[in-house]
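Numbering (the working numbering), first residue to last: 4 to 361.
Printed below as a string of C-alpha cells:
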C-alpha cells in the first residue's frame, strides 16, 4: 500500500509540522505494516503539484501538463493532516483552497482520503464552508481532535467517525535530557502585528511573566518551536532578542530537531508556550504546560485531556497574571501525567479504524 501524507513531514522548520509527520508515520506503519509513505508539504512540493495558486491546480486538472493526476494515482490512501489546524479559512482562503483542491483531486485519482486527527473549522466565509463540506463528504474517514471540531463537522453535514486527540500522543517517549526549570516558548508569529492577537499586549505579557519568574527565583530558558528559516515569523530571532534584553539572565535552547526538543521538554519542570505543539509535546511526555492560546484550537483539545491550564490571549483581562497563577497551581506534575495517559487512550482507536480501510 502506498500512502501520501499531506501537509506534514520531517524537515519543516515548524516542529509542530514534524510532530504531525512523526505521529502520522508511527500510526500508519503500526496500522498498515509494510505501507510505503511519502510526505508532501509546502516545503517539499512534488513537481506534479503546481499549487502556487488554486487556479494553477485547477488548470493542471484539465491540461495534465505536470502529470498531477498520474502522480496522485500512485497512492492508495491520502492521509490529510492539514498541518493540524488548517482545515479552516482563518489563515486565508487561498491556503484553504489549495489544500482542499489537492484533497479533491487525490480522491478523483482513486485514493481513499482520510482526514487525520485535526482541528476542523472555523469557517468564516461561504466559499470556505463549501470547500470543507466537499472534502468532508469525500473522505472515507474523518477524525476530529477536539469536541468543537466534531461539532463543526456535524454542522457541515458529515459527522466525524471518531473524536480523538492530537497525533503527538502516538510518538514514543523520549529520554529526558537537561535540567531546565521553566522552558518558555515565545511565538515569533504573535510577537509581530498579526490578525490573531494584539502583539503589544502579547509582548507585555511575555516580559511580565519572565520578570516575575526571575524574581521568584525560577530559571527561565526560551525554547523556539519554529526554527530559524526564511519565514520571518519563526521563533528564533525573538528568543535571542529577549535574551539580550535580559542581559543573559535567561537562556535560549534552539532544538537541533524534534527529538532534541522532546528530550529537553521531557527533562524540564514546566513549559509555558504560545505554539500549541510546544505545549502538546510537553503534555505528551508528562511535563506540565501552560498554554497562551491565540485561537480556539487550544482549549477544547486540552479540555478533553482534562488539562485546564489554557489562558486565552484574546479573552483574558490580564494574561500574565493568569499564566502566573497557573504556574503556582497544585499537583501540576501529577495532572500532566494523567493528561498524557488520557491522550494515549483517545488516540489508540484511530489505528484500528485506519487499518480497516485497506
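C-beta: ideal position from N, C-alpha, C; glycine also. Quick caveat: nothing in here was measured; it's all calculated off a predicted structure.
- In this structure, the CA atom of residue 51 is about 17 Å from the CA atom of residue 80.
- Distance from the CA of residue 326 to the CA of residue 294, rounded to the nearest whole angstrom, comes to 8 Å.
- When the five nearest sequence neighbours on each side are left out, the beta carbons in the same chain lying within less than 6 Å of the beta carbon of residue 208 are those of 322 and 323, in order along the chain.
- Residue 329 and residue 127 have their alpha carbons spaced roughly 32 Å apart.
- Non-local beta-carbon contacts of residue 231 in its own chain, meaning distances under 8 Å to residues more than five positions away in sequence, involve 16, 237, 239, 240 and 257 in chain order.
- Rounded to whole angstroms, the gap between the alpha carbons of residue 32 and residue 38 is 6 Å.
- In the DSSP annotation of this structure, the continuous segment of the beta strand (DSSP E) that includes residue 41 starts and ends at 39–43.
- Counting only runs of 4+ residues, the alpha helix (DSSP H) found wholly inside the segment 308–339 occupies 322–330, in chain order.
- Exclusion of the five residues before and after residue 190 leaves 238, 277 and 278 as the residues of its chain whose Cβ lies within less than 7 Å of its Cβ.
- Less than 7 Å separates the beta-carbon of residue 78 from that of residue 114.
- Using a 10 angstroms sphere on the CB of residue 337, the tally of other CB atoms stays under 16, which defines it as exposed.
- By the CB criterion at 7 Å, residue 151 and residue 303 fall inside the cutoff.
- The Cβ neighbour count for residue 146, taken over all protein chains shown within 10 Å, is at least 16; the residue is labelled buried.
- Secondary structure of residue 25 (DSSP, three-state): helix.
- Secondary structure note for residue 7: its beta strand (DSSP E) is the uninterrupted segment 5–9.
- When only Cα atoms are considered, residue 110 and residue 83 end up about 11 Å apart.
- Taking residue 361 as reference, the option from 168, 320, 143 and 275 with the minimal CA-CA separation is 143.
- Of the residues 97, 94, 102 and 41, the one whose Cα lies closest to the Cα of residue 74 is 41.
- Beta-carbon to beta-carbon, residue 122 and residue 154 are separated by about 12 Å, too far to satisfy the 8 Å threshold.
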